[in-house]
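Sequential numbering of the sequence shown, starting at 80, is according to my numbering.
Built from N, CA and C at the ideal position, the CB exists for glycine as well.
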Amino acid sequence: MRTDSEIKMSGFEVLNHNLGMVETERFIVLIQRERFDYTKWREDLFDGLSGNEISKKAMEFQDTLKNR
80 MRTDSEIKMS
90 GFEVLNHNLG
100 MVETERFIVL
110 IQRERFDYTK
120 WREDLFDGLS
130 GNEISKKAME
140 FQDTLKNR
């Protein structure tokens, strides 16, 4: 199991890789500023999708990361 610090660093790396430093900082400020309920947000994220569909979307997303 990874430590909280390791998870935070991985998260920053993913955000920075996909958004760049400036937009990563903006994203973090937006999340901190708004009343953001991650659990509620996740409830609808995969609404209506089967496990296979979610898996397919995850694999497609992974492919886009490899091609960058």
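For Phe115, the three-state secondary structure derived from DSSP is coil. When secondary structure is reduced to three states using DSSP, Ser129 falls in the coil class, being assigned neither helix nor strand. Taken atom to atom, the span from the alpha-carbon of Ser89 to that of Leu144 is near 15 Å. Looking at the backbone, the Cα of Met100 and that of Phe140 are separated by about 21 Å. A Cβ-Cβ distance of about 11 Å is found for the pair Thr103 and Leu109, leaving them out of contact under the 8 Å criterion. Under the three-state reduction of DSSP output, Arg105 falls in the helix class.
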